[in-house]
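Chemist: Residues 23 to 423 in this note's numbering are what the sequence shown lists, from first letter to last.
Note that beta-carbon positions come from the ideal geometry of N, C-alpha and C, so glycine has one too.
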Amino acid sequence: MHVSFDPWSPAFVADPYPAYAALRATGRAHYFEPTRQWLVPHYSDVSGLLRDRRLGRTYLHRFSHDEFGVTAPPAAHEPFHTLNGHGILDLEAPDHTRIRRLVAKAFTPRRVEALVPTVERLAAGLVDDFVAAGGGDLLSAVAEPLPVAVIAEMLGVPEADRGLLRPWSAAICGMFELNPPEETARAAVRASVEFSAYLRELIAARRADPGTDLISGLIAAHDEEDRLTEQEIISTCVLLLNAGHEATVNATVNGWWMLFRHPEQLASLRGDHGLLPTAVEELLRYDTPVPMFARWVLDDIEIDGTVIPRGSQVALLFASANRDPERFADAETLDLSRRDNPHISFGAGIHYCLGAPLARVEMAASFGELLRKAPGMRLAAEPRWNPGYVIRGLSELRVEI
23 MHVSFDPWSP AFVADPYPAY AALRATGRAH YFEPTRQWLV PHYSDVSGLL RDRRLGRTYL
83 HRFSHDEFGV TAPPAAHEPF HTLNGHGILD LEAPDHTRIR RLVAKAFTPR RVEALVPTVE
143 RLAAGLVDDF VAAGGGDLLS AVAEPLPVAV IAEMLGVPEA DRGLLRPWSA AICGMFELNP
203 PEETARAAVR ASVEFSAYLR ELIAARRADP GTDLISGLIA AHDEEDRLTE QEIISTCVLL
263 LNAGHEATVN ATVNGWWMLF RHPEQLASLR GDHGLLPTAV EELLRYDTPV PMFARWVLDD
323 IEIDGTVIPR GSQVALLFAS ANRDPERFAD AETLDLSRRD NPHISFGAGI HYCLGAPLAR
383 VEMAASFGEL LRKAPGMRLA AEPRWNPGYV IRGLSELRVE I
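(1) Measuring CB atoms only, is the stretch 210-228 touching the stretch 69-77, in the sense that at least three cross pairs come out at less than 8 Å?
(2) Starting from the C-beta of Glu-303, find all residues in its chain whose C-beta is less than 7 Å away, skip the five residues before and the five after it, and write them out in chain order.
(3) Would DSSP call Val-319 helix, strand or coil?
(4) Could you say which of Pro-101, Leu-168 and Arg-122 lies nearest to Ile-110 if we only look at CA atoms?
(5) Quick check on DSSP: helix, strand or coil for Ser-334?
(6) For Glu-404, which of helix, strand or coil comes out of DSSP?
(7) Cα-Cα, which of Pro-95, Gly-107, Val-153 and Leu-236 is closest to Arg-79?
(8) Which same chain residues end up closer than 8 Å to Met-23 when comparing Cβ atoms and leaving out the 5 residues on each side of it in sequence?
(9) Rounded to whole angstroms, what is the Cα-Cα separation between Ile-372 and Thr-93?
(10) Return helix, strand or coil for Trp-60, following the three-state DSSP convention.
(11) Are there three or more Cβ pairs, one per stretch, closer than 8 Å when the stretch 274-293 is compared with the stretch 177-196?
(12) Taking 7 Å as the limit between beta carbons, can you name the residues of its chain near Asp-346, skipping five residues before and five after?
(13) May I ask which residues mark the beginning and end of the alpha helix (DSSP H) holding Gly-157?
(14) State the DSSP-derived secondary structure class of Glu-348, mapped to helix, strand or coil.
(15) On the DSSP bridge assignment, give the partners of Met-314 in chain order.
(16) For Tyr-53, which residues does DSSP report across the bridge?
(17) Taking C-beta to C-beta, are Arg-317 and Leu-77 nearer than 9 Å?
(18) Just the C-alpha distance for Phe-85 and Arg-332, rounded to the nearest angstrom, thanks.
(19) Sorted by chain position, which residues of the same chain lie with C-beta nearer than 8 Å to Arg-132's C-beta, five sequence neighbours on each side aside?
(20) Anyone know if the C-beta pair for Ile-256 and Ile-241 falls short of 9 Å?
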């Protein structure tokens, strides 16, 4: 069974779903020695554990490394861990609560609704250029620049500097893969240092001359209990950039690849653009861009008679849960009209993705523009998958108009 679960195999990355089915068929928790994690493949377990406070993204709010039985990361990796460890994705209460409460103000339904015209304008411009060029790489021409531009505009990053962001982000996100090599760690540390230095300069500029952007808002928090340290502001900005575009880029490109592989569903969508809201949700379910999220076990838990002790790590297999036939009818079928679709691609519980409403707006805008302006768009070359598993996406998607 474990032979089929091989996250370093290109064949597995290209199609991990048979392995997920095998995991679901043979149990609810499987110990995977290569990463020393417990794999959890079922929807009910994944959904429940995301809300279980006996698990956490970190353990350092309760234990030292030694107390938890985990080797501390090498000192040379400290810039990455300082940057990552002060963002809300890797914090627990009370710091998580304090920072998220402040950042959440930028993602209220009213704020996201106000961003719709900006997102649609940016998407229209990118698609117009793409169509005029006769197509090309959908990833680099449309899927990537749209969410990067949106989050950069929210943060107040000058347009001239935006080309720096994705390389830094990609290098940092390399550390989220399973057992990253030292070369990846060095690149992540270098990017962490450079990105942090850039943001310190930008924060200093906003302190001197505040604007209406999110960085200015984070600086201006008036309540003592809400006030962020400079490191927390830096880490929040990096997290918003990374989380604010990496998954959306892959969801967009993976989604189009799935549509090309299911021409009858693509034809239905082209014939009825009113399907777009349910289509976005179904594409997020069917080929989940972030297939796995890890949690530390802070207190012993039990899954179907298997005790998983404190100090363990569980790998919550989002992509497997989203294909679980115990929760989804015809789970292996791509159905763009699916209504009962409580997928967990954005997580659940206190770490539910803050930017989920914005990601939906971005996907609807880019898909809508392409459906309208490139109704005959077709695949030009068989795509290749990036080697990463935790953040899973194509390296490019070349199409013709």
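Modeler: Taking the structure as given:
(1) With the cut-off at 8 Å, the stretch 210-228 and the stretch 69-77 do not touch.
(2) Numbered from 1 along the sequence shown, position 281 holds the residue referred to as residue 303. Excluding sequence neighbours, Glu-303 sits near Asn-363 and His-365.
(3) Sequence index remark: in the sequence shown, residue 319 carries index 297 (1-based). Note: Val-319 maps to strand in three-state DSSP.
(4) Start at 1 with the first residue of the sequence shown, and residue 110 comes out as number 88. Checking every option, the nearest Cα to that of Ile-110 belongs to Arg-122.
(5) Numbered from its first residue, the sequence shown carries residue 334 at position 312. Three-state result, Ser-334: coil.
(6) Locating residue 404 in the sequence shown gives position 382, where the first residue counts as 1. Coil, per DSSP.
(7) One-based indexing of the sequence shown puts residue 79 at position 57. In terms of CA proximity to Arg-79, Gly-107 leads the group Pro-95, Gly-107, Val-153 and Leu-236.
(8) Stepping through the sequence shown from its first residue, residue 23 is reached at position 1. Annotation note: pLDDT 47 at Met-23 (below 50); position unreliable, no value reported.
(9) Within the sequence shown, the letter at position 350 stands for residue 372. Within the sequence shown, the letter at position 71 stands for residue 93. Each residue's alpha carbon lies about 27 Å from the other.
(10) Your numbering for residue 60 matches position 38 in the sequence shown. Correct three-state label for Trp-60: strand.
(11) They do not touch, by the three-pair rule.
(12) Your numbering for residue 346 matches position 324 in the sequence shown. The residues are Arg-46, His-64, Tyr-65 and Ala-353.
(13) Counting from one through the sequence shown, the residue named residue 157 turns up at place 135. Where Gly-157 is concerned, there is no enclosing alpha helix (DSSP H), although the beta strand (DSSP E) it sits in stretches over 157-159.
(14) One-based indexing of the sequence shown puts residue 348 at position 326. If DSSP states are grouped into helix, strand and coil, Glu-348 belongs with coil.
(15) For the purposes of this step, residue 314 is identified with residue 292 of the sequence shown, where counting begins at 1. Answer is Leu-339.
(16) In the sequence shown, the residue the question calls residue 53 occupies position 31. BP columns for Tyr-53 point to Trp-60.
(17) Position 295 of the sequence shown, counted from the start, is the residue given in the question as residue 317. Position 55 of the sequence shown, counted from the start, is the residue given in the question as residue 77. When the beta-carbon positions are compared, Arg-317 and Leu-77 come within less than 9 Å of each other.
(18) Counting from one through the sequence shown, the residue named residue 85 turns up at place 63. Counting from one through the sequence shown, the residue named residue 332 turns up at place 310. Rounded to whole angstroms, Phe-85 to Arg-332 spans 11 Å at the Cα level.
(19) For the purposes of this step, residue 132 is taken as the residue at position 110 of the sequence shown. Result list for Arg-132: empty, nothing under 8 Å.
(20) What you label residue 256 is simply residue 234 of the sequence shown in a count that begins at 1. What you label residue 241 is simply residue 219 of the sequence shown in a count that begins at 1. Contact flag unset, no.
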